[in-house]
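Enquirer:
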Amino acid sequence: MKVLVTGGAGFIGSAVVRHAIAQGHSVVNLDVLTYAACLTNVASVAGSPAYAFEQVDIRDRAELDRVFAAHQPDAVMHLAAESHVDRSIDGPGDFIETNITGTYHLLEAARAYWLACDRFEGFRFHHISTDEVFGTLGDTGQFTESTPYDPRSPYSASKAASDHLVRAWSETYGLPVVMTNCSNNYGPFHFPEKLVPVVILRALAGEPIPVYGEGLNVRDWLYVEDHADALLTVLEKGELGRSYNIGGENEARNIDLVKMICEILDVKRPQETPYADLITYVADRPGHDLRYAIDPTRIATELGWRPSVTLEQGLEKTVQWYLDNEDWWRPLQNRAGVGTRLGTG
Ligand SMILES: NC(=O)c1ccc[n+]([C@@H]2O[C@H](COP(=O)([O-])OP(=O)(O)OC[C@H]3O[C@@H](n4cnc5c(N)ncnc54)[C@H](O)[C@@H]3O)[C@@H](O)[C@H]2O)c1
Numbered sequence: 001m002k003v004l005v006t007g008g009a010g011f012i013g014s015a016v017v018r019h020a021i022a023q024g025h026s027v028v029n030l031d032v033l034t035y036a037a038c039l040t041n042v043a044s045v046a047g048s049p050a051y052a053f054e055q056v057d058i059r060d061r062a063e064l065d066r067v068f069a070a071h072q073p074d075a076v077m078h079l080a081a082e083s084h085v086d087r088s089i090d091g092p093g094d095f096i097e098t099n100i101t102g103t104y105h106l107l108e109a110a111r112a113y114w115l116a117c118d119r120f121e122g123f124r125f126h127h128i129s130t131d132e133v134f135g136t137l138g139d140t141g142q143f144t145e146s147t148p149y150d151p152r153s154p155y156s157a158s159k160a161a162s163d164h165l166v167r168a169w170s171e172t173y174g175l176p177v178v179m180t181n182c183s184n185n186y187g188p189f190h191f192p193e194k195l196v197p198v199v200i201l202r203a204l205a206g207e208p209i210p211v212y213g214e215g216l217n218v219r220d221w222l223y224v225e226d227h228a229d230a231l232l233t234v235l236e237k238g239e240l241g242r243s244y245n246i247g248g249e250n251e252a253r254n255i256d257l258v259k260m261i262c263e264i265l266d267v268k269r270p271q272e273t274p275y276a277d278l279i280t281y282v283a284d285r286p287g288h289d290l291r292y293a294i295d296p297t298r299i300a301t302e303l304g305w306r307p308s309v310t311l312e313q314g315l316e317k318t319v320q321w322y323l324d325n326e327d328w329w330r331p332l333q334n335r336a337g338v339g340t341r342l343g344t345g
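Residue numbers (UniProt numbering): 1 to 345.
Here it is in structure tokens:
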């Protein structure tokens, strides 16, 4: 299958690109290369005849039409987005333009291509979204695919809008879509502004490790390689028009996650004092959702997919990857906004 992956130079998109090629698919990686992109993420497959790259903005309809006509993909996996909640608080405009308007242009380009190809059997538009569209949970309960949408940040609101557009293009125009909403990812190639790499890199630098509020926010952590595997499973086996929640079966409070990372570093890179001594509580994010948790029943029972690693195993691999790949993360720390507190409202 030839898959057009949008956002394939980002964190999750690059894992999808690597997995798809490893599974024998061809990939066209379409990415405009924002501050969050890094082509090194796909360097291991960039020389493959099954790989092509197009530096294109999903808001540029003419360029999207050119890419569809030139590459004739069998499927689209749409991951391109502005993805950092803190940046969405400081500058929501980019999130509206890329996540909503960009998704609209991509849907229209995909629909025009599909119609021009006589609505060919087997075409799929896979929209990748987040569990943040469901809002926040209390101490109990889990998000299912029928949980009402209740987004609370500019980021999650823009993703919710894009989900609604994709459903509308399925219902109204019959575009063959599948959708996924997943929990927080972590793993190799995670851009150094997100929580897990921030903790690892601050600890290694001997700098304060910031924890928002009291660190009591709960997330359901999903190893990025497992997510990529789940996405390809949904692309191949998912039922048209259906959405699937993807979780890691690994709920943890932020403070416990941070302490786990510190303990792994205590073993791998021992110092005189425990890394956890660097933990520093800072002002909370405005509108910080308390808890996200995924009910993974649908993807498990209908598609037979489950995560392959526990949080402990995934974090161990992730910390080791950052220890082994300073050449990757060091230059990214100079990019705009990285290392400074964003999104204080
Ligand atoms: N990171 C998570 O924990 C998580 C969880 C659930 C869902 N998601 C969703 O998964 C997708 C990928 O997330 P990520 O963490 O890999 O994001 P990321 O920020 O690491 O990567 C996003 C990529 O999209 C590209 N991009 C941004 N705007 C673009 C535009 N206008 N045109 C073309 N390309 C553009 C960027 O250059 C970048 O390579 C997003 O849709 C996000 O909402 C992420």
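Each residue gets a CB set at the ideal place from its N, CA and C atoms; glycine is no exception.
Taking the C-alpha atoms as reference points, what is the distance between residue 165 and residue 103?
Expert: Going from the Cα of residue 165 to the Cα of residue 103 covers about 8 angstroms.
Enquirer: Should residue 370 be listed as close to ligand 1, given that the test is whether its C-beta is under 7 angstroms from any heavy atom?
Expert: Not covered by the structure: residue 370. The range shown for the chain is 1 to 345.
Enquirer: Determine the burial state of residue 188: buried for a count of at least 16 other Cβ atoms within 10 Å of its Cβ, exposed for fewer.
Expert: With 16 or more Cβ atoms within 10 Å of its Cβ, residue 188 is classed as buried.
Enquirer: Whole angstroms are fine: how far does the CA of residue 175 sit from the CA of residue 106?
Expert: Near 12 angstroms, if we compare the C-alpha coordinates of residue 175 and residue 106.
Enquirer: By Cβ distance, which residues of its chain are closer than 6 angstroms to residue 180, with the 5 residues on each side in sequence left out?
Expert: Around residue 180: 128, 234, 244 and 246.
Enquirer: Only counting the same chain, and skipping five residues up and downstream in sequence, which positions put a Cβ closer than 6 angstroms to that of residue 213?
Expert: 284.
Enquirer: Output yes or no for whether 8 angstroms exceeds the beta carbon distance between residue 74 and residue 134.
Expert: No, the Cβ-Cβ distance between residue 74 and residue 134 is not below 8 angstroms.
Enquirer: Could you round the C-beta distance between residue 291 and residue 145 to whole angstroms and report it? I think they count as a contact, below 8 angstroms.
Expert: Not confirmed; about 18 angstroms, so no contact.
Enquirer: DSSP state of residue 98, grouped into three classes?
Expert: Of the three classes helix, strand and coil, the one that applies to residue 98 here is helix, per DSSP.
Enquirer: Looking at the unbroken beta strand (DSSP E) that takes in residue 77, where does it start and where does it end?
Expert: Looking at the DSSP string, the run of the beta strand (DSSP E) that includes residue 77 is 75-78.
Enquirer: Just checking residue 31 against ligand 1 - is the residue's beta carbon closer than 7 angstroms to any of the ligand's heavy atoms?
Expert: At least one heavy atom of ligand 1 is nearer than 7 angstroms to the Cβ of residue 31, so yes.
Enquirer: Pull up the distance between the alpha-carbon of residue 8 and that of residue 31, whole angstroms please.
Expert: So the alpha carbons of these two residues sit roughly 6 angstroms apart.
Enquirer: Beta-carbon separation of residue 162 and residue 254 under 8 angstroms?
Expert: No, the Cβ-Cβ distance between residue 162 and residue 254 is not below 8 angstroms.
Enquirer: Which same chain residues end up closer than 7 angstroms to residue 251 when comparing Cβ atoms and leaving out the 5 residues on each side of it in sequence?
Expert: Taken in chain order, the residues that qualify are 218, 220 and 293.
Enquirer: Have a look at the DSSP bridge pairing and note the partners of residue 53.
Expert: Residue 53 is bridged to 29.
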